[in-house]
Each structure stands twice: as structure tokens, then as C-alpha cells.
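Undergrad: After the C-alpha cells below, expect a handful of questions from me.
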Amino acid sequence: NAETRAADTLESDVDKLRTDVSERQRKALERHGGDQGELVALLSGATPVEGPGVKLVVDDAKNTDQGGGGPRESSSFADTGRVRDRDMQRVVNGLWESGAEAIAINGQRLTALSAIRAAGDA
């Protein structure tokens, strides 16, 4: 229908704009980053990376109770077998400490400014 086509067109436009912004950021970092430009671009997520990597699958434990509210509703933060924001923080921090050059979660690149936090029961 027309709404779907319009949404697809807007999504394509957004993708093009994101690509343009990334390219401009990369060029600005090259011009103004001095001899550290490549490192700054890598750490800021402005440079695509490729090469050998590790894929981790982090999932809730089997047979966990799916009821009982969101991650902020538990006063005791008991171990329910569900993956929480603090679990992902530990995994990501461990990867950084182990020398990871780039990390993405569900396709979203993390940088030094990224925050992992509870945002409700998804």
C-alpha cells in the first residue's frame, strides 16, 4: 500500500543520510585527528571494521519465568535466569578489556560513549 511504500522510501532516505554523515565524520577525523586520526575513527565507530571476530549468543536460561515484570521492578534483583542490562555490561566490558577493537550488539556498533541500560521488559 501507499503507506508502506512511503515508509520504505523514508527508511532508504535515512540510510543514505546515515551513510553520508558517517563518511563526513570519517573525513573530518582524518583531517583533524592528526597522527591519531585512524585510532580516533576506529574508537568512535566511524570506521567500518572487518576481519576475524567472535560471535557470542547470550540468551535467557531455559524455562525461565517470563512473568513477573520488567528489569527495574525487582527490588532484590534475584537471579531469575533472564539476561539483564548488567549482564550485558559485564560481557561488553570483558570484551573491551580483552582487546576488542569493535563491538556490536544486534548490529548496533558500540563506542566509548555507548551505554547499556534497562529500558523495560522487551
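Quick note on my numbering: the sequence shown kicks off at 11 and runs consecutively. Think of the CB as a built atom: it goes at the ideal place given N, C-alpha and C, for glycine as much as any other residue.
1. Are K121 and S54 closer than 7 Å when you measure CB to CB?
2. Could you give the C-beta distance for L66 and V101, rounded to a whole number, given that I count them as a contact under 8 Å?
3. Taking buried to mean at least 16 other C-beta atoms within 10 Å of its own C-beta, is T57 buried or exposed?
4. Evaluate A128 with the Cβ neighbour count: other Cβ atoms within 10 Å of its Cβ, from every protein chain shown; 16 or more gives buried, anything less gives exposed.
5. Going straight from the alpha carbon of R34 to that of H42, what length do you get?
6. To which residues of the same chain is V59 closer than 8 Å at the C-beta, ignoring the five residues directly before and after it?
7. Apply the 10 Å Cβ neighbour rule to L20 and answer buried if 16 or more other Cβ atoms are within range, or exposed otherwise.
8. Could you give the residue range of the beta strand (DSSP E) that holds R119?
TA: In this structure, then:
1. For the sequence presented, residue 121 should be read as Thr rather than Lys. Yes, they are a contact pair.
2. 7 Å
3. Buried, since its Cβ has 16 or more Cβ neighbours within 10 Å.
4. exposed
5. Taking the straight line joining both Cα atoms gives about 12 Å.
6. Its chain contains L52, E111 and A112 as the residues whose beta carbon lies nearer than 8 Å to that of V59, once the 5 sequence neighbours on both sides are disregarded; these appear in chain order.
7. exposed
8. Q118 to L120
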